[in-house]
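Working notes, beginning with the structure itself.
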Amino acid sequence: MFYSTSTLTALIIFLSVSSFAASPHLVSLNQDQAKSRYEESQKTEVWTPVPAKIEAVQGKAPSDAVVLFNGSGLESWVNQNGKPAQWESSPYALTIKPGEGDISTKQSFCDVQLHIEWRSAREDEKSGQNKANSGIFLQNHYEVQMLDSYTNTTYVNGQAGAVYKQFIPLVNASRPAQEWQSYDIIFTAPRFEDNKLVSPAFLTVLHNGVLVQNHVELAGQTQWIGDAKYHPHGCLPIKLQDHGSANSFRNIWVREL
Ligand code: MG
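Using the numbering used here, the first residue of the sequence shown is number -2, and each one after it goes up by one.
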């Protein structure tokens, strides 16, 4: 590789000045030594592949995300019979119509990064698992619990931020009912080959920006009764739960990984 005299001179000056405080012996590098060190440094540089350039504007879905709800309607969602979802949609929020049942995305997903904002209905008369319960299910089967857990006692592997019946959240980062909250979720889908599990699902969850699940390894599909088990499947929709409370959602987006 050819170096002009001026480049090497500049390099020697740079190495001398930048290294002076920590490594005074480098001040005495000659031209050959400086060239050698520069070439050594190049051996650990990686230039490809170049990451795709995306737009990541504060408060907006990244430009490479699939937007599932941003106030423009429920066209991305269906009910459990495959018919158009009938929850209430406004420009500001999507709200559960209790009794209408769960809704799922039309699109199926495997590994994802998911963002969702949610707001508990105010239900002072309710308690435990009945207090503003909902949930988001990755691949229809793996639930990150939503609940009014601000001052509400219940089993801790069923409070907000829990992987339901599998993992207790690391902390309770809940806000009061009627305040908007967020989940940021990284989901690694389970892998199956010949109808056998070859790699389990993993979940990382941030609740209101706070880490509550750190790459936990799921034991299987969410169960209310009994132990979690895996049943082979491919990519599947994301599901929101109707548990009888009029919770709301907004700014739902997902990035396929
Ligand atoms: Mg739930």
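Note that CB positions come from ideal geometry on N, CA and C, so glycine has one too.
N- and C-terminal bounds of the alpha helix (DSSP H) containing GLU262: Here the chain covers residues -2 to 254 and nothing more, so residue 262 does not appear.
Assigned exposure category for VAL209 - 16 Cβ within 10 Å defines buried: buried
Taking buried to mean at least 16 other C-beta atoms within 10 Å of its own C-beta, is LEU254 buried or exposed? exposed
Kindly indicate which residue of TYR161, ALA186, LEU91 has the alpha-carbon position closest to the one of ARG116. LEU91
Those runs of the beta strand (DSSP E) which lie wholly inside the region 81 to 135 and span at least 3 residues: 100 to 102, 109 to 116, 131 to 135
One question on the structure: do GLN148 and GLY125 come within less than 7 Å of each other, judged by their Cβ atoms? The identity of residue 148 in the sequence shown is Thr, whereas the question assumes Gln. Cβ distance not < 7 Å, so THR148 and GLY125 don't count as in contact.
Please report the residue range of the beta strand (DSSP E) in which ARG172 lies. Counting along the chain, ARG172 falls outside any beta strand (DSSP E), and DSSP gives it neither H nor E.
Does the beta-carbon of ASP239 have 16 or more other beta-carbons within 10 angstroms, so that it is buried, or is it exposed? buried
Would the region 219 to 236 and the region 128 to 147 be scored as touching if the rule is three or more Cβ pairs under 8 Å? yes
So what does HIS240 bridge to, in DSSP terms? In the DSSP output, where bridge partners are listed per residue, HIS240 has none listed.
Should ASN248 be labelled buried (16 or more other beta-carbon atoms within 10 Å of its own) or exposed? buried
Helix, strand or coil: which one does DSSP assign to ASP224? coil
Three-way DSSP call (helix, strand, coil) for GLN163 in this model: coil
Helix, strand or coil for GLU37? Go by DSSP, reduced to three states. helix
With DSSP run on the structure shown, which of helix, strand or coil describes ASN248? strand
Just the Cα atoms here: how many angstroms apart are ALA198 and ASP191? 17 Å
Which residues in the same chain as TRP84 place their Cβ atom closer than 7 Å to its Cβ, once the five residues preceding and following it in sequence are excluded? LEU71, LEU91, THR92, ILE93, LYS94, GLU97, ILE100
Counting beta carbon pairs with one atom in the region 219 to 234 and one in the region 39 to 58, are three or more of them shorter than 8 Å? no
Where does PHE17 fall in DSSP's three states? Note on PHE17: pLDDT 41, under 50, position unreliable in the model; the coordinate value appears next. Looking at PHE17 - three-state DSSP - the assignment turns out to be coil, as it is neither helix nor strand.
Of the choices SER146, GLY158, ARG119, whose alpha-carbon is the least far from that of ILE258? Since the first residue shown for the chain is -2 and the last is 254, residue 258 is missing from the structure and cannot be characterised.
Using a Cβ-based criterion (distance less than 6 Å to any ligand heavy atom), does HIS212 qualify as near the ligand MG? no
Could you tell me the distance, in whole angstroms, from the CA atom of PHE246 to the CA atom of VAL195? 34 Å
Could you work out which residue in HIS228, SER171, VAL153 is closest to ALA186 when comparing CA atoms only? HIS228
Check your reading: residues with Cβ closer than 7 Å to the ligand MG heavy atoms: ASN130, SER131, GLY132, GLU140, GLN142, MET143, LEU144, TYR161, GLN238, HIS240
Using three-state DSSP, classify SER73 as helix, strand or coil. coil
State yes or no: is the C-beta of ALA255 within less than 7 Å of the C-beta of TRP74? Only positions -2 to 254 of the chain appear in the structure, and residue 255 is not among them; the question remains open.
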